[in-house]
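Novice:
2 protein chains.
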Amino acid sequence: MSLDHILLGMLRRPASGYDLKQEFEQGVRHFWSAELSQIYPTLTRLERQGLLKSSREPSAQGPERRVYRRTDKGRKELLQWLRGGPVMGKQRFAYVAQLAFLHEAGDLQATREFMERLREELRAYLDFLEVTEKDALAANPRPESWPEAEFHEYLCLRMGVTSIRARIVWCEECLTRIRARQRKVKKREAAK
Amino acid sequence: MSLDHILLGMLRRPASGYDLKQEFEQGVRHFWSAELSQIYPTLTRLERQGLLKSSREPSAQGPERRVYRRTDKGRKELLQWLRGGPVMGKQRFAYVAQLAFLHEAGDLQATREFMERLREELRAYLDFLEVTEKDALAANPRPESWPEAEFHEYLCLRMGVTSIRARIVWCEECLTRIRARQRKVKKREAAK
DNA sequence: ATGACCATGTAATCCGTTACATGATTCG
DNA sequence: CGAATCATGTAACGGATTACATGGTCAT
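So the protein sequences, as listed, match chains X and H. For the first sequence, the working numbering gives the first residue as 1, with consecutive numbering after it. For the second sequence, the working numbering gives the first residue as 1001, with consecutive numbering after it.
1. Hey, could you find the ends of the beta strand (DSSP E) Lys1184/H is sitting in?
2. Between Lys1053/H and Ile1039/H, what straight-line distance do the alpha-carbon atoms span, to the nearest angstrom?
3. Threshold first: 3 residues or longer. Then list the beta strand (DSSP E) segments lying entirely within the stretch 44 to 98 of chain X, N to C.
4. Please work out which residues of its chain come closer than 6 Å, Cβ to Cβ, to Trp1081/H, disregarding the five sequence neighbours upstream and downstream, and give them in chain order.
5. Measuring CB to CB, does Glu1133/H end up less than 9 Å from Arg1158/H?
6. Within 10 angstroms of its Cβ, does Met115/X collect 16 or more other Cβ (buried), or is it exposed?
7. Using CA atoms only, rank isn't needed, just tell me which of Pro58/X, Lys90/X, Leu46/X, Thr111/X is closest to Thr71/X.
8. So Val1087/H contacts chain X; which residues on that side make the cut at Cβ distance below 8 Å?
9. Taking its Cβ as the centre, do 16 or more other Cβ atoms sit within 10 Å of Phe1031/H, making it buried, or is it exposed?
10. Would you kindly work out how many angstroms separate the C-alpha atoms of Ala15/X and Cys1174/H, rounded to a whole number?
11. Taking C-beta pairs closer than 8 Å, name the residues in chain X that Ala1180/H reaches, listed in chain order.
12. Can the beta-carbon of Gly9/X be found closer than 9 Å to that of Leu78/X?
13. For Glu1144/H, tell me which candidate among Arg179/X, Ser59/X, His152/X has the shortest Cα-Cα distance.
14. At a Cβ cut of 8 Å, what residues of the stretch 20 to 51 of chain X count as close to chain H, listed as they run along the chain?
15. Secondary structure at Ser1016/H, three-state DSSP: helix, strand or coil?
16. Do the CB positions of Cys156/X and Leu118/X come within less than 9 Å of each other?
17. Under 7 Å Cβ to Cβ from Ser1055/H, same chain only, skipping five residues before and after it: list those, please.
18. Along chain H, in chain order, which residues have C-beta atoms closer than 7 Å to that of Glu173/X?
19. Which residues in chain X have a C-beta closer than 8 Å to the C-beta of Gly1074/H? List them in chain order.
20. What are the start and end residues of the alpha helix (DSSP H) that includes Met1115/H?
21. By how many angstroms is the C-alpha of Arg13/X removed from the C-alpha of Gln1026/H?
22. Going straight from the alpha carbon of Ala97/X to that of Ser1002/H, what length do you get?
23. Keeping to the same chain, check which residues put their C-beta closer than 7 Å to that of Tyr125/X; ignore five residues upstream and five downstream.
24. Interface residues of chain X around Ala1105/H at Cβ under 9 Å?
25. When you compare the CB positions of Lys90/X and Ser1059/H, do they come within less than 9 Å of one another, or not?
26. If you run the structure through DSSP and keep just helix, strand and coil, what is Phe24/X?
27. Quick one, which of Glu1189/H, Glu1121/H, Arg1177/H has its alpha-carbon nearest Arg1167/H's?
28. Roughly how many whole angstroms lie between the Cα atoms of Tyr202/X and His1152/H?
29. Tell me, to the nearest whole angstrom, how far the beta carbon of Leu7/X is from that of Leu43/X; I am working on the premise that it is less than 8 Å.
30. Going by the CB atoms, is the gap between Leu1051/H and Gly1074/H shorter than 9 Å?
31. Can you give the Cα-Cα distance for Ala138/X and Glu150/X, rounded to whole angstroms?
32. Measuring only the C-alpha atoms, how far is Phe93/X from Arg112/X?
33. Could you please tell me which residues of the stretch 112 to 134 of chain X, in chain order, have their CB closer than 7 Å to any CB of chain H?
34. Sort Arg69/X, Arg142/X, Lys76/X, Lys187/X by Cα distance to Gly1106/H and report the nearest one.
35. I'd like to know whether the C-beta of Ala1015/H is nearer than 9 Å to at least one C-beta of chain X.
36. Going by alpha carbons, who is nearest to Gly1085/H out of Pro86/X, Arg65/X, Ala110/X?
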């Protein structure tokens, strides 16, 4: 399972299940996410397997927390996962499937509106990523000189920016082709 | 569930479970896939729900097949899914998570080799997509004039090409940054 | 006191994969 | 006759989501 390794990786510093969830909500979510109801049982299982150990600690605000730390065995397991090279999981894009089927949903105008809507959704997400990047660069604009961990995180953020931007370009390419096709249809109608 | 709608969409023409699996293996797989052991029960459930109906038909070669057709109710269900606008499913990229954690796996050279390997894997997939696109364009190089269904399929293929290409560009950007950082580290060592 | 947030968990269900099981047809 | 391909399914398991359940602390 991947979540095991993701959590092991995130536990570079001690954290509770709640903390880890927060992290998913913030940065890490560009590439992974999980619900608390999956995180808690996974953490207890990893502890049972000796990859983590936990201790109860008072919270600054709120009830007591259970804070997890990696064991040596846990760190080794993580390193082995990383040594295995890139894990290429299957990708599923429901909206691309929808696009493939849209030729049955009416005329080209439906497809056009679909792509316009998709572009706006992607744009909103890109805006968020770009603000994140700008904030990160504000303190020091040369990531090459940042600490190792932050440098690596920045490369991950770049993946988000690059890939969403490419998808927006794709939307625009599609819209151009759709408009060309719409003109062609109109012309044919006029010729009648 | 999305697979329900994907199958409904793929059943524009009558097909058996086996046929649908073949289709996943070929074109549709750029955005979705499923195992036979998931397809068969799903089809029987969709029939129970009145979205499909099936009939046994002799095969040109091999044993009898169970061929499914959409019912009116099935077509309506599909259209409703499409009318709901783009479905933005969660994306999970294990390899981006790995990259984020790689700063613990030794020196920068490990990250560099990871990215080189990733780039080669993406390149191989891009090659496949580009061959597919070339074949499609061979007969008629202007998709704007293709039949509706093929035009839509082509837009989907473009999504694959565009987004994989962008990821390769990202890999190269990362490698450039990594090399810059490696030079910086060397210089620091030399200064000692 | 009540609502927002901190904090941890369980239960039911669903989605998806891997493994298992069976048998017909066709080609060499 | 044996291997490849066509064809359909079931069973067991694991991964992930949704819903349920509980209770502490803090600010207004």
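C-beta atoms are modelled at their ideal positions from N, C-alpha and C, and glycine is treated no differently.
Specialist: On the basis of the supplied data:
1. The residue given as residue 1184/H occupies position 184 in the second sequence. It is not in any beta strand (DSSP E) - Lys1184/H instead sits in the alpha helix (DSSP H) that spans 1148 to 1191.
2. Here the question's residue 1053/H lines up with position 53 in the second sequence. Here the question's residue 1039/H lines up with position 39 in the second sequence. If you take the alpha carbons of Lys1053/H and Ile1039/H, they lie about 15 Å apart.
3. Unbroken beta strand (DSSP E) runs of no fewer than 3 residues, entirely contained in the stretch 44 to 98 of chain X, are found at 52 to 57, 65 to 70, following chain order.
4. As a position in the second sequence, residue 1081/H is number 81, starting the count at 1. Excluding sequence positions up to five before and after Trp1081/H, its CB lies within less than 6 Å of the CB of His1005, all in the same chain and listed in chain order.
5. Counted from its first residue, the second sequence places residue 1133/H at position 133. Counted from its first residue, the second sequence places residue 1158/H at position 158. In this structure, Arg1158/H lies closer than 9 Å to Glu1133/H by Cβ.
6. The count along the first sequence starts at 1 and reaches residue 115/X at position 115. By the neighbour-count criterion, in which a residue is buried when 16 or more other Cβ atoms sit within 10 angstroms of its Cβ, Met115/X is buried.
7. As a first step, residue 71/X is located in the first sequence; it is residue number 71 there, counting from the start. Between Thr71/X and the set Pro58/X, Lys90/X, Leu46/X, Thr111/X, the nearest pair of CA atoms involves Leu46/X.
8. Taking the second sequence and counting its residues from 1, the one referred to as residue 1087/H is at position 87. Simply Ala94, Tyr95, Gln98.
9. By 1-based counting over the second sequence, the position of residue 1031/H is 31. With 16 or more Cβ atoms within 10 Å of its Cβ, Phe1031/H is classed as buried.
10. The residue given as residue 15/X occupies position 15 in the first sequence. The residue given as residue 1174/H occupies position 174 in the second sequence. Each residue's alpha carbon lies about 29 Å from the other.
11. Walking along the second sequence from the start, residue 1180/H turns up at place 180. Result: Glu144.
12. One-based indexing of the first sequence puts residue 9/X at position 9. One-based indexing of the first sequence puts residue 78/X at position 78. For Gly9/X and Leu78/X, yes; Cβs fall inside 9 Å.
13. Residue mapping note: residue 1144/H aligns to position 144 of the second sequence, counting from 1. Among Arg179/X, Ser59/X, His152/X, the Cα nearest to that of Glu1144/H belongs to Arg179/X.
14. From the stretch 20 to 51 of chain X, only Val28, His30, Phe31, Trp32, Ser33 have a Cβ closer than 8 Å to chain H.
15. In the second sequence, counting from the first residue as 1, residue 1016/H sits at position 16. Here Ser1016/H sits in strand by DSSP.
16. Taking the first residue of the first sequence as position 1, residue 156/X is located at position 156. Taking the first residue of the first sequence as position 1, residue 118/X is located at position 118. Cβ atoms of Cys156/X and Leu118/X: not closer than 9 Å.
17. Mapped onto the second sequence, residue 1055/H falls at position 55. Val1067.
18. Mapped onto the first sequence, residue 173/X falls at position 173. For Glu173/X, the chain H residues whose C-beta falls within less than 7 Å of its own C-beta are Arg1158, listed in chain order.
19. For the purposes of this step, residue 1074/H is taken as the residue at position 74 of the second sequence. By Cβ distance, chain X contributes nothing, its closest Cβ being about 12 Å from Gly1074/H, past 8 Å.
20. Translated into positions along the second sequence, residue 1115/H becomes position 115. For Met1115/H, the enclosing alpha helix (DSSP H) starts and ends at 1108 to 1139.
21. Here residue 1026/H is taken as the residue at index 26 of the second sequence, counted from 1. Here residue 13/X is taken as the residue at index 13 of the first sequence, counted from 1. So the alpha carbons of these two residues sit roughly 45 Å apart.
22. Indexing the first sequence from 1 puts residue 97/X at position 97. Indexing the second sequence from 1 puts residue 1002/H at position 2. A straight line joining the alpha-carbon of Ala97/X with that of Ser1002/H spans about 10 Å.
23. For this step, residue 125/X is matched to residue 125 along the first sequence. Ile164, listed in sequence order.
24. By one-based count along the second sequence, residue 1105/H stands at place 105. Neighbours of Ala1105/H on chain X, chain order: Leu78, Leu79, Leu82, Arg83.
25. Within the first sequence, the letter at position 90 stands for residue 90/X. Within the second sequence, the letter at position 59 stands for residue 1059/H. Here Lys90/X is not near Ser1059/H, since their CB atoms are 9 Å or more apart.
26. Within the first sequence, residue 24/X is the residue found at index 24, counting from 1. Residue state, collapsed to three classes: helix.
27. Taking the first residue of the second sequence as 1, we reach residue 1167/H at position 167. Arg1167/H has its Cα closest to that of Glu1121/H, out of Glu1189/H, Glu1121/H, Arg1177/H.
28. Outside the shown range of chain X, which is 1 to 192, sits residue 202/X, and nothing can be said about it.
29. Residue 7/X sits at position 7 when you count from the first residue of the first sequence. Residue 43/X sits at position 43 when you count from the first residue of the first sequence. About 7 Å separates the two Cβ atoms, so the contact holds.
30. Locating residue 1074/H in the second sequence gives position 74, counting from the first residue. Locating residue 1051/H in the second sequence gives position 51, counting from the first residue. Taking 9 Å as the cut-off, the beta carbon of Gly1074/H is found closer than this to the beta carbon of Leu1051/H.
31. Here the question's residue 138/X lines up with position 138 in the first sequence. Here the question's residue 150/X lines up with position 150 in the first sequence. Rounded to the nearest angstrom, the two C-alpha atoms are 14 Å apart.
32. Translated into the one-based positions of the first sequence, residue 93/X becomes position 93. Translated into the one-based positions of the first sequence, residue 112/X becomes position 112. For Phe93/X and Arg112/X, the gap between their C-alpha atoms comes out near 18 Å.
33. Going along the stretch 112 to 134 of chain X in chain order, one finds Phe114, Arg117, Leu118, Glu121 with a Cβ nearer than 7 Å to chain H.
34. To locate residue 1106/H, count along the second sequence from 1; it is residue 106. Of Arg69/X, Arg142/X, Lys76/X, Lys187/X, the residue nearest in Cα terms is Lys76/X.
35. Stepping through the second sequence from its first residue, residue 1015/H is reached at position 15. Chain X contact via Cβ: absent.
36. Numbered from 1 along the second sequence, position 85 holds the residue referred to as residue 1085/H. Answer by Cα proximity: Ala110/X.
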